[in-house]
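Enquirer:
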Amino acid sequence: MADSSGRPYHAAHTDMLAKETGTMRRLPPLKALHAFEAAARHESVTRAAAELNVSHSAISQQIKILEQHFDQKLFRKKGNGVELTPKARTFLQDLTESLDQIAVASENLSVSPIVNRISVNATPTFSVQWLVPRVAEFQRQFPKMEVRTETSTTDVLSKEYDSSDIIIRRFPMKRTGMECTRILDDVTIAVAAPALVESEPPEHPSDLFRYKLLHIKSRISAWPNWFRKSGIETSQTLSGQIFDHIFLGLASARSGAGICLCPRVFVEDELAAGRLVALFPEHFVVGSGFYALHDTKNRNLRNIERFIGWLRQDATGSETPPQDVEWELYS
1 MADSSGRPYH
11 AAHTDMLAKE
21 TGTMRRLPPL
31 KALHAFEAAA
41 RHESVTRAAA
51 ELNVSHSAIS
61 QQIKILEQHF
71 DQKLFRKKGN
81 GVELTPKART
91 FLQDLTESLD
101 QIAVASENLS
111 VSPIVNRISV
121 NATPTFSVQW
131 LVPRVAEFQR
141 QFPKMEVRTE
151 TSTTDVLSKE
161 YDSSDIIIRR
171 FPMKRTGMEC
181 TRILDDVTIA
191 VAAPALVESE
201 PPEHPSDLFR
211 YKLLHIKSRI
221 SAWPNWFRKS
231 GIETSQTLSG
241 QIFDHIFLGL
251 ASARSGAGIC
261 LCPRVFVEDE
271 LAAGRLVALF
281 PEHFVVGSGF
291 YALHDTKNRN
301 LRNIERFIGW
311 LRQDATGSET
321 PPQDVEWELY
331 S
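So the sequence shown is residues 1 to 331, counted in full-length UniProt numbering.
(1) Using 8 Å as the Cβ pair cut-off and three pairs as the minimum, do the segment 172-182 and the segment 275-294 touch?
(2) Within 10 angstroms of the Cβ of Leu311, are there 16 or more other Cβ atoms? Answer buried if so, exposed if not.
(3) So which of Leu74, Gly287 and Ile59 has the shortest CA-CA distance to Lys87?
(4) Threshold first: 3 residues or longer. Then list the beta strand (DSSP E) segments lying entirely within the segment 160-247, N to C.
(5) Starting from Pro143, follow the alpha helix (DSSP H) in both directions and report where the run begins and ends.
(6) For Thr151, which three-state DSSP category applies?
(7) Ignore the nearest five residues each way along the sequence and tell me which others in Gln139's own chain have a CB closer than 7 Å to its CB.
(8) Could you round the C-beta distance between Thr149 and Val132 to whole angstroms and report it? I think they count as a contact, below 8 Å.
(9) Under the three-state reduction of DSSP, which class applies to Pro119: helix, strand or coil?
(10) When you compare only the Cα positions, how much space is there between Ala315 and His42?
(11) Please return the same chain residues whose Cβ sits closer than 8 Å to the Cβ of His56, not counting the five positions on each side in sequence.
(12) Under DSSP, the beta strand (DSSP E) around Lys78 begins and ends at which residues?
(13) Quick one, which of Ala193, Val187, Glu200 and Arg89 has its alpha-carbon nearest Phe266's?
(14) Measure the alpha-carbon distance for Pro143 versus Ser119 and round it to whole angstroms.
(15) Contact check, Val191 vs Leu248 under 8 Å by CB: the rounded distance?
(16) Does DSSP put His294 in a helix, in a strand, or in coil?
(17) Would Leu276 and Arg299 qualify as a contact pair, given that the criterion is a beta-carbon distance under 9 Å?
(18) Please report the Cβ distance between Lys297 and Val104, rounded to the nearest whole angstrom; I am assuming they are in contact, meaning their Cβ atoms lie under 8 Å.
(19) Classify Leu279 as helix, strand or coil using the three-state DSSP reduction.
(20) At which residues does the beta strand (DSSP E) containing Glu83 begin and terminate?
(21) Is the distance from the Cβ of Glu51 to the Cβ of Ala40 below 9 Å?
(22) Go through its chain and collect everything with a Cβ distance to Thr21's Cβ below 7 Å, but skip five positions before and after it.
(23) Taking the CB atoms as reference points, tell me whether Trp130 and Leu184 lie closer together than 9 Å.
(24) What is the rounded straight-line gap between the Cα of Leu196 and the Cα of Phe307?
(25) Cys262 and Ile246 look like a contact to me (Cβ under 8 Å); what is the Cβ gap, rounded to whole Å?
(26) Relative to the C-alpha of Arg302, which candidate in Arg210, Asn116, Leu238 and Ile259 has its C-alpha closest?
(27) Please go through the same chain and pick out, in chain order, the residues whose beta-carbon is closer than 7 Å to the beta-carbon of Leu99, but skip the five residues on each side of it.
(28) Name the DSSP beta bridge partners of Pro263, please?
(29) Could you compute how far the alpha carbon of Ile220 sits from the alpha carbon of His204?
(30) Thinking just about the alpha-carbon of each residue, which of Ala193, Arg26 and Arg134 is nearest to the one in Phe70?
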């Protein structure tokens, strides 16, 4: 619907109200902006509808309202999807920045005690073998700070992790507006229970073929890579039990069921205590490392960065992590 000048009625009406009050901002409908941003980001009305849990026609209707507001087309067809017009693409950049500012403002207004808590999402093995023991030490040093550990069995980053302050995975991660920090080396070694190898200790890496080799589903090529790194080419299928997680493989190794490959950082305490022994520690495979991802606009940013720094310093093992860190605490 348009006024006598041909402009959309709601646009003209907004201008009139702005003149009368002298303060009202001329804003497009926020619901339409939300639909536009989702459709533009996905370049698909269908995927935008799925994300916002509304119908395809509802998204289309909101986009139509926005196009009427601006009196111009914002999308054009591209194959099975849509793409933005040049002017709409520029508008999207400004809109995204504005929505981010609204999100930060909303977080700043929320209940403050949550700032004293840091949530960390990691895989079960990383949590059990490395993170949880260090969180316990962290809590002893800084009792006013709370660290909540969450686990996930997938390496795929999706929206379900958006509530986590820190995401830790064994590969570098990239996300717009987020920073990725390497916190730990990934040096894979072979370990076994002392009783398994003490009667006839293996003298050469090829001697390990006499034992059952324990495999991890997410690192199924670990043993072939380890043998290749040790100068042994093997085309044979390596038999042995396959586990979903490294911590299960390590439990089997501790029981004497076989030999397991794992990151050395996961078993430092068990090697020191004699519950496991490293076989040919000079033969190892270096992975990409473990990385921590965090949002640079998180209102708890200073504490998050300090916690990541604490983990990195603890990982070096060279010094006791500092206990005089100034945390931002809220009551």
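The beta-carbon is built from N, C-alpha and C at its ideal position, and this holds for glycine as well.
As the structure is a computational prediction, the values presented were derived from the model and not from experiment.
Expert: According to the structure data:
(1) Below 8 Å, enough C-beta pairs join the segment 172-182 and the segment 275-294 to call them touching: three or more.
(2) Buried, by the Cβ-count rule.
(3) Ranking Leu74, Gly287 and Ile59 by Cα distance to Lys87 puts Leu74 first.
(4) DSSP runs (the beta strand (DSSP E)) wholly in the segment 160-247: 166-169, 178-184, 187-192 and 213-216.
(5) Careful: Pro143 lies outside any alpha helix (DSSP H) and carries neither H nor E.
(6) In the three-state DSSP reduction, Thr151 falls in the strand class (E or B).
(7) The residues are Val147.
(8) 6 Å between Cβ atoms; contact.
(9) In the sequence as presented, Pro is not what sits at residue 119; that position holds Ser. Reduced to three states, the DSSP call for Ser119 is strand.
(10) Near 39 Å, if we compare the C-alpha coordinates of His42 and Ala315.
(11) Sequence-distant partners of His56 (beyond 5 residues in either direction) whose C-beta falls short of 8 Å from its own C-beta, in its chain, are Val45, Thr46 and Ala49.
(12) Segment Phe75 to Lys78, the beta strand (DSSP E) holding Lys78.
(13) Here the closest residue by C-alpha is Val187.
(14) Inter-residue distance for Pro143 and Ser119 is about 15 Å (C-alpha atoms, whole angstroms).
(15) About 14 Å separates the beta carbon of Val191 from that of Leu248, a gap too long to meet the 8 Å contact definition.
(16) Under the three-state reduction of DSSP, His294 is assigned to strand.
(17) No, the Cβ-Cβ distance between Leu276 and Arg299 is not below 9 Å.
(18) At roughly 6 Å, the Cβ-Cβ gap stays under 8 Å, so Lys297 and Val104 are in contact.
(19) Judged by DSSP in its simplified three-state form, Leu279 adopts strand.
(20) Glu83 -> beta strand (DSSP E) spans Gly81 to Leu84.
(21) Between Glu51 and Ala40, the C-beta spacing is not below 9 Å.
(22) Bear in mind that the predicted position of Thr21 carries a pLDDT of just 47, short of 50, making it unreliable; the figure below should be weighed with that in mind. No residues qualify anywhere along the chain.
(23) With respect to the 9 Å criterion, Trp130 and Leu184 are classified as neighbours on the basis of their beta carbons.
(24) Spanning the alpha carbons of Leu196 and Phe307 requires a straight line of approximately 39 Å.
(25) Contact flag correct, Cβ pair sits at about 5 Å.
(26) The residue among Arg210, Asn116, Leu238 and Ile259 with its C-alpha nearest the C-alpha of Arg302 is Asn116.
(27) Within the same chain, Leu99 has close Cβ partners Glu37.
(28) Pro263 is bridged to Thr188.
(29) Rounded to the nearest angstrom, the gap between the Cα atoms of Ile220 and His204 is 22 Å.
(30) Closest by C-alpha distance to Phe70, out of Ala193, Arg26 and Arg134, is Arg26.
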